[in-house]
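Sequence lines, in order, name chains A and B.
Just so we're aligned, residue 1 is where the first sequence starts under the numbering used here, counting upward by one.
Just so we're aligned, residue 1 is where the second sequence starts under the numbering used here, counting upward by one.
The beta-carbon is built from N, C-alpha and C at its ideal position, and this holds for glycine as well.
All of these numbers come straight from a predicted model, not from anything done at the bench.
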Amino acid sequence: MSEDVKTFLDRLAERNAARGPEPTWIAARRQAGAARFEAMGFPHRRVEAWKYTDVRAIARGDFALAGDAEFSPASAAALTLPIEAHRLTFVDGVFAPALSRLDELPGGVALMPLSAALEENHEAVGGPLGRLTGVEFSAFAALNTAFMEEGAVLRLAPGTVVEKPIVLQFLSRSGEQAVMSHPRILIQMAGRSEATVIEHHVGEEGAANFTNLVEEIILERGAILTHYKLQEASLQDLHVASLHVEQARDSRYTSFNLNLGGGLVRNDLVAELNGQGAEANLYGLFYGQGRQHVDNHTLVNHNAPRTYSNENYKGILDDRAHGVFNGKVMVKRDSQQIEGYQSNANLLLSDRAEIDTKPELEIYADDVKCSHGSTTGQLDEEAVFALRTRGIDEQTARGLLTLAFAGEVMEQVDLDAVAERVELAVAGKLPERFHLAGLVEAAVALNEE
Amino acid sequence: MASQEMEQLVRREYKEGFVTDIESDTVPPGLDESTIAFISNKKGEPEWMLEWRLKAYHQWLKMTPPSWAHLDYPPIDYQAISYYSAPKRDEDKPQSLDEVDPKLLETYEKLGIPLHERAALAGVAVDAVFDSVSVTTTFKEKLHEAGVIFCAISEAIRDYPELVRQYLGSVVPQGDNYFAALNSAVFTDGSFVFVPEGVTCPMELSTYFRINAANTGQFERTLIVCESRAQVSYLEGCTAPQRDENQLHAAVVELVALEDAYIKYSTVQNWYPGDEDGKGGIYNFVTKRGDCRGDRSRISWTQVETGSAITWKYPSCVLRGKDSIGEFYSVAVTNGRQQADTGTKMIHIGEGTRSYIVSKGISAGRSNQSYRGLVKVGPRAKGARNFTQCDSLLIGDQCGAHTFPYQEIGNSTATVEHEATTSKIGEDQLFYCQSRGISEEDAVSMIVNGFCKDVFQELPMEFAVEAEALLNVTLEGAVG
């Protein structure tokens with residue numbers, strides 16, 4: 001056993017000793033997760049799926065487990081998205097009731113922390129938990145399973161439409177001792193139910209914690225889920241997420257993977273289109289600066305005929321940021337009449353920024369319409385010039401064009417509060433000269449012309 | 001195919017091959033240092049060449065076969081292969097076209113191969129058919145006048161050792177990959193081309209003109225060097241179906257282009273693809289790489305891949321020189337149970353380098369085909385430019401088409417574009433043609449040829465015509 005693995009397993013042993021008795025199935029899965037993690041170890045770069053991402057920053061770290069969920073209400077409020085929403089908040093993985101809002105839940109909606117769901121009826125959780133993202137998926141999924149104890153559970157009864165968005169907020173604290181958390185998110189949406197879930201990762205400046213998330217989403221016939229993942233954690237935070245979506249007939253999953261923060265971020269998103277008419281829309285935007293490393297892996301499995309997928313990921317990389325995109329569309333034998341589109345465009349703003357992209361198609365049926373495109377480039381100098389001839393200074397012109405580049409994804413966002421927040425974040429994240437105020441003025445001036 | 005069957009195949013071929021004359025012309029199956037020494041000795045090579053081969057062999061021993069390709073084949077027993085057999089003597093060959101398999105002749109007819117070439121292609125003892133010697137001599141004189149060296153690689157090692165020593169392995173080093181290492185250790189044949197400064201080679205060079213000099217070998221090694229401002233167009237292979245007793249082929253091709261040089265390398269590969277169940281087809285593991293060493297140099301790969309049971313091939317360009325250009329045009333057709341994993345690598349190192357990739361894949365029957373490509377832009381490659389277009393056409397619902405394009409971009413002034421589509425022949429396209437009295441088969445052929453046009457345009461004239469015919473022959477029976 002390597003030292004890295006041992007550090008984590010020692011932490012696990014400590015935790016297990018401190019933990020009270022739990023249902024046997026949980027203990028068994030915990031054990032399976034630990035065994036699998038020990039066997040696999042942390043992935044190295046010779047493994048194809050980790051070719052461009054070095055996880056040594058995680059493997060060599062020594063992370064404790066947080067003991068409480070204390071967080072100043074004022075600073076939490078400043079970080080929280082300013083929208084009317086049902087909300088579950090976790091601080092370093094620990095549920096924070098004081099920062100959550102579960103009072104006005106409509107009928108047919110069950111929203112609770114995982115610990116509460118286990119207490120209420122652990123057998124109802126045991127079935128779906130780990131069915132989509134098993135310990136075999138990756139060393140990180142196995143590690144999560146070994147440690148799992150908290151997270152969010154959302155269940156919708158048939159036909160339930162939740163008007164207000166549901167926010168799952170993950171706050172990361174800065175402190176002497178870096179901590180890790182292994183949250184699970186489990187979403188089960190029964191037939192024709194509809195919801196919007198906003199997963200928000202944010203925290204204190206300088207926080208350098210490790211979040212290892214596993215998410216499982218089950219959409220039954222005709223269910224519609226819009227899923228935002230807004231990553232705004234500090235530039236030292238480490239984040240690995242494994243997300244599986246299982247889609248039955250005529251269900252629709254729309255994902256907005258908006259990545260602005262985090263020092264090392266790796267997202268694995270797998271959509272299983274299992275029923276005819278199922279549709280997955282995957283939109284992504286990643287902005288990297290400093291030495292940020294952002295890796296997005298997506299896989300769409302067209303397991304049934306007449307399924308539809310559309311993917312558009314945009315990357316903007318500045319300074320020494322490193323972006324990775326690996327998108328795969330897989331069409332199984334006999335999955336006829338499917339459509340699968342994939343696009344990845346990247347903008348490099350600095351000479352030391354790097355992007356590694358691999359849009360893959362694997363197709364075993366002939367009556368399909370599949371395409372993918374990938375581009376990498378810089379701002380169009382002619383467009384900059386065109387704006388300048390209209391009296392806009394160069395910096396503002398570049399800012400406008402960068403925002404316009406992100407716009408292709410952002411215009412799909414129909415939740416204004418999030419769109420504004422992201423646009424502000426993107427503009428704010430751009431070098432100072434691209435102040436949003438200036439841009440708005442410039443846009444107004446353009447309109448008046 | 002089970003590995004024993006594969007073994008049997010390899011053995012059987014050996015048995016039916018050259019067993020008659022074992023002492024002088026053949027080594028028994030197996031690979032060790034003595035085999036390599038035997039080959040080197042047989043070829044009359046200097047000491048350094050043997051050392052070079054042995055170095056490759058020792059590296060090969062430490063390597064494992066690549067497993068990342070989207071291919072499925074049983075492990076190859078490298079000790080069951082015979083690594084040297086002398087060329088067939090004329091008296092062992094068919095003496096006239098009458099002795100040749102009529103099916104083969106039928107295919108030549110369909111491909112429109114000129115009559116006098118058919119005999120040579122079918123392996124008929126050349127002197128018995130037509131006076132190729134004089135043809136070859138005329139070519140040789142012309143080339144000599146221009147100062148171009150074009151000969152077998154073994155001849156070159158003997159006659160131009162300093163040139164070979166300077167360039168051999170400088171693009172594909174011995175330990176580059178598993179198959180390249182194997183090739184470096186045991187290669188027995190191939191071509192050497194040297195075009196001196198400022199010379200434009202007066203004709204297109206083709207292995208065909210060397211056909212009487214030696215058989216195309218199992219482990220071919222080709223080295224083409226163009227000095228400053230030199231140009232050459234090289235044709236490899238031919239459209240005619242080629243049968244070969246050896247199942248495993250591992251060739252290495254190295255191209256070196258110095259300042260302002262231009263090398264155009266065209267391949268038509270039509271090795272035996274195996275029977276309907278994919279048995280007995282050729283395994284083709286090829287390493288091809290061009291080095292644009294000089295400023296403004298240009299290397300262009302064009303390939304039409306229709307044969308072999310397994311194709312593993314990635315003709316690449318290392319764009320070192322400032323403003324150098326790399327091009328890759330490919331049509332790959334798979335039918336039956338063929339598997340192809342092919343593509344290219346464009347490594348942009350120098351400033352202002354450009355690359356252009358057009359790949360057209362057609363899968364039919366129960367075949368599987370993958371495009372695998374890498375575009376890498378280094379930090380010094382200011383203003384580098386790449387465009388990649390890769391399209392797949394699926395015929396039938398039992399085949400597969402896959403795309404694995406890697407892009408590694410570390411320069412903000414680079415512009416890289418990749419586009420790929422996968423589709424089948426549109427019902428409406430077929431209907432349109434048929435409503436105008438064109439038969440379904442002709443319509444499919446028209447559409448497929450149209451799909452490949454961008455690549456065929458890059459082929460030298462005579463190849464282009466044959467390639468179209470070849471496509472139709474390969475896809476015969478795939479439709480309807």
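Chain A within 9 Å of residue i, Cβ atoms only
i        : result
B/SER423 : yes
B/TYR83  : no
B/HIS348 : no
B/ALA69  : no
B/ILE395 : yes
B/ALA401 : yes
B/GLU417 : yes
B/LYS398 : In the sequence under discussion, the amino acid at residue 398 of chain B is Gln, which differs from the Lys named in the question. Closer than 9 Å: yes.
B/SER412 : yes
B/GLU440 : no
Enclosing beta strand (DSSP E) for residue i [first to last residue]
i        : result
A/LYS229 : 224 to 232
A/VAL294 : 293 to 302
B/TYR83  : No beta strand (DSSP E) holds B/TYR83; DSSP gives it neither H nor E.
A/VAL324 : 322 to 331
B/HIS418 : 415 to 424
A/THR254 : 252 to 259
A/ILE187 : 184 to 189
Beta-carbon proximity check, residue i vs residue j, cutoff 9 Å
i        : j        : result
A/ALA142 : A/PHE37  : yes
B/LEU459 : B/ALA467 : yes
A/SER242 : A/SER138 : yes
B/ARG354 : B/ALA384 : yes
A/VAL409 : A/THR357 : no
A/LEU361 : A/ALA383 : no
B/VAL256 : B/VAL225 : yes
A/ALA417 : A/PRO82  : yes
B/THR340 : B/GLN389 : Note that residue 340 of chain B is Ala in the sequence shown here, rather than Thr. Taking 9 Å as the Cβ cut-off, B/ALA340 and B/GLN389 do not qualify as a contacting pair.
Cβ of residue i within 9 Å of any chain B Cβ
i        : result
A/SER350 : yes
A/GLU408 : no
A/PRO359 : yes
A/ALA365 : yes
A/PHE37  : no
A/TYR52  : yes
A/THR402 : no
A/LYS369 : yes
A/GLN455 : The question about residue 455 of chain A has no answer, for chain A in this structure spans 1 to 449.
A/GLN292 : no
A/ILE198 : no
A/ILE355 : yes
A/GLU362 : yes
A/GLN378 : yes
Endpoints, the alpha helix (DSSP H) within which residue i is located
i        : result
B/CYS390 : Counting along the chain, B/CYS390 falls outside any alpha helix (DSSP H), though it belongs to the beta strand (DSSP E) covering 385 to 395.
B/PHE431 : 427 to 435
B/ILE149 : Unbroken run through B/ILE149 is the beta strand (DSSP E), 149 to 152; no alpha helix (DSSP H).
B/ALA332 : Note, B/ALA332: premise wrong, no alpha helix (DSSP H); beta strand (DSSP E) at 325 to 334.
A/PHE37  : 24 to 40
A/PRO73  : 73 to 79
Residue-chain proximity (residue i, chain E), Cβ-Cβ < 9 Å
i        : result
A/SER374 : Among the protein chains of the structure shown, namely A and B, there is no chain E.
Determine contact between the region 388 to 403 of chain B and the region 356 to 374 of chain A, defined as no fewer than three beta-carbon pairs at a distance below 8 Å.
Enough Cβ pairs lie closer than 8 Å, so yes.
Give the list of continuous beta strand (DSSP E) stretches no shorter than 3 residues that lie fully inside the region 343 to 372 of chain B.
Secondary structure within the region 343 to 372 of chain B: the beta strand (DSSP E) runs of 3 or more consecutive residues, fully enclosed, are 345 to 348 and 354 to 364 (chain order).
For the region 219 to 233 of chain A and the region 92 to 110 of chain A, state whether three or more C-beta atom pairs, one from each stretch, are separated by less than 8 Å.
Result no; under three Cβ-Cβ pairs closer than 8 Å.
Any contact of the region 116 to 127 of chain A with the region 13 to 30 of chain A, i.e. 3+ C-beta pairs under 8 Å?
Remark: three or more beta-carbon pairs, one from each stretch, lie closer than 8 Å, so the region 116 to 127 of chain A and the region 13 to 30 of chain A are flagged as touching.
Counting only runs that start and end within the region 91 to 153 of chain A, where is the alpha helix (DSSP H) found for 4 or more residues in a row?
For the region 91 to 153 of chain A, whole alpha helix (DSSP H) runs of length 4 or above, ordered along the chain, are 114 to 126 and 139 to 147.
Ordered list of beta strand (DSSP E) runs contained in the region 332 to 370 of chain A, each at least 3 residues
The region 332 to 370 of chain A contains these whole beta strand (DSSP E) runs: 338 to 348 and 354 to 363.
Given 8 Å as the limit, is there contact between the region 242 to 261 of chain A and the region 279 to 286 of chain A, that is, 3 or more CB pairs closer than that?
Proximity of the region 242 to 261 of chain A to the region 279 to 286 of chain A meets the contact definition, three or more beta-carbon pairs being nearer than 8 Å.
Using 8 Å as the cut-off, can you tell me whether the region 330 to 340 of chain A makes contact with the region 348 to 355 of chain A, which would need three or more C-beta pairs spanning the two stretches below that distance?
No contact exists between the region 330 to 340 of chain A and the region 348 to 355 of chain A.
Could you name each continuous beta strand (DSSP E) segment of 3 residues or more that falls completely within the region 296 to 321 of chain B, going from the start of the chain to the end?
Those beta strand (DSSP E) runs which fall completely within the region 296 to 321 of chain B and span 3+ residues are 298 to 305, 310 to 313 and 316 to 319.
To test your reading of the DSSP string, which unbroken alpha helix (DSSP H) runs of 4 or more residues are found completely within the region 166 to 203 of chain B?
For secondary structure counted as the alpha helix (DSSP H) over 4 or more consecutive residues, the region 166 to 203 of chain B holds these complete runs in sequence order: 178 to 186.
Take every Cβ of the region 31 to 44 of chain B, pair it with every Cβ of the region 371 to 378 of chain B, and state whether three or more of those distances are shorter than 8 Å.
Flag = no, the region 31 to 44 of chain B and the region 371 to 378 of chain B do not touch.
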